[in-house]
Amino acid sequence: MKIIPLITGTHVTKQTPFGVLLPGHTGSVTLLEHDEQHILVDTGGRGMFHPLKIALKEHALDPSDITMIILTHLHLDHAYNVSRFPNARLFAWMHEWRDGETMRIKNIDGFRLLDTITLLQTPGHAEEHLSVVVEGDDNSTTVIAGDAVNEEYLLTGLIQSFVYDEALYRKSADRILRVADTVIPGHGRIFSPA
Ligand SMILES: [Zn+2]
Ligand SMILES: [Zn+2]
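Its first residue numbered 1, the sequence shown is counted upward by one per residue in our numbering.
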């Protein structure tokens, strides 16, 4: 699986449970490519569809080429543009989903979505939050972690973003740091826990 960061998430100092609606404030967007699969992990915030389209074009892709979207969680700085990829199947963790075709997975944790993509339940920042574990072409493990962990937590142990449940946040964050060679966080730069 080829892992291509398309958009770097801007830093968050304040976030509401409903996400941040400022134009240009965004979570990261990552493209995963394998054979005919073009997968996006998260879709960015308000005002980010245009930059995202340009980033896709650099990889000779159009929004209609995206085959699957995985949302780490439903805050709008990560999910704002989700409806703009007409051919993408959507994977997200929700207790309830009324519209669209639903694939029900009883236990998301450890669910193997593709050969090289596994989902982890990583609640804490949000009640329903998943992280995407990707085996890269070089056999290293990259975790696309949304808002489940960031570099500040690794360096200081402090939680600097909104949390739904602090104990759960720490449990999820520590778990990601244990398995990841590389972490692509929702906000801030890509880092290596080792
Ligand atoms: Zn975020
Ligand atoms: Zn969030």
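Virtual Cβ for every residue (Gly too), placed ideally from N, Cα, C.
Helix, strand or coil for residue i per DSSP?
| i | result |
| --- | --- |
| threonine 43 | coil |
| leucine 52 | helix |
| isoleucine 108 | coil |
| alanine 145 | strand |
| leucine 168 | helix |
| histidine 59 | coil |
| isoleucine 176 | helix |
| phenylalanine 163 | Looking at the sequence provided, one finds valine at residue 163 rather than phenylalanine. Coil, per DSSP. |
| arginine 89 | strand |
| serine 83 | helix |
| leucine 71 | coil |
| histidine 11 | coil |
| histidine 38 | strand |
Using the C-alpha atoms, what's the distance from residue j back to residue i?
| i | j | result |
| --- | --- | --- |
| tyrosine 169 | histidine 59 | 34 Å |
| serine 28 | leucine 56 | 14 Å |
| histidine 75 | leucine 130 | 12 Å |
| proline 86 | aspartate 109 | 27 Å |
| glycine 136 | arginine 46 | 30 Å |
| leucine 155 | lysine 2 | 28 Å |
| threonine 10 | threonine 26 | 6 Å |
| leucine 61 | methionine 68 | 13 Å |
| arginine 175 | valine 133 | 12 Å |
| alanine 79 | threonine 182 | 23 Å |
| glutamine 121 | threonine 8 | 23 Å |
| histidine 187 | leucine 158 | 15 Å |
| histidine 50 | histidine 38 | 18 Å |
| arginine 189 | glutamate 151 | 7 Å |
| glycine 124 | valine 149 | 10 Å |
| aspartate 42 | leucine 52 | 11 Å |
| glycine 193 | leucine 114 | This sequence places proline at residue 193; glycine is not what is there. Cα-Cα distance, rounded: 25 Å. |
| valine 179 | asparagine 139 | 13 Å |
| alanine 173 | histidine 73 | 15 Å |
| leucine 32 | arginine 89 | 14 Å |
| glycine 24 | alanine 145 | 20 Å |
Please list the terminal residues of the continuous beta strand (DSSP E) segment that includes residue i.
| i | result |
| --- | --- |
| threonine 156 | Counting along the chain, threonine 156 falls outside any beta strand (DSSP E), though it belongs to the alpha helix (DSSP H) covering 151-156. |
| histidine 34 | 29-34 |
| serine 131 | 130-135 |
| proline 5 | 2-7 |
| leucine 119 | 117-121 |
| isoleucine 66 | Looking at the DSSP string, isoleucine 66 is not in any beta strand (DSSP E), and its letter there is neither H nor E. |
| threonine 182 | 182-185 |
Where do the ends of the alpha helix (DSSP H) carrying residue i lie?
| i | result |
| --- | --- |
| histidine 25 | Taken as a continuous stretch (DSSP letters only), histidine 25 belongs to no alpha helix (DSSP H), as it is neither H nor E. |
| leucine 76 | 76-79 |
Measuring from each Cβ to the nearest heavy atom of ligand 1, keep the ones under 5 Å and list them in chain order. Gly27, Asp77, Asp147 and Gly186
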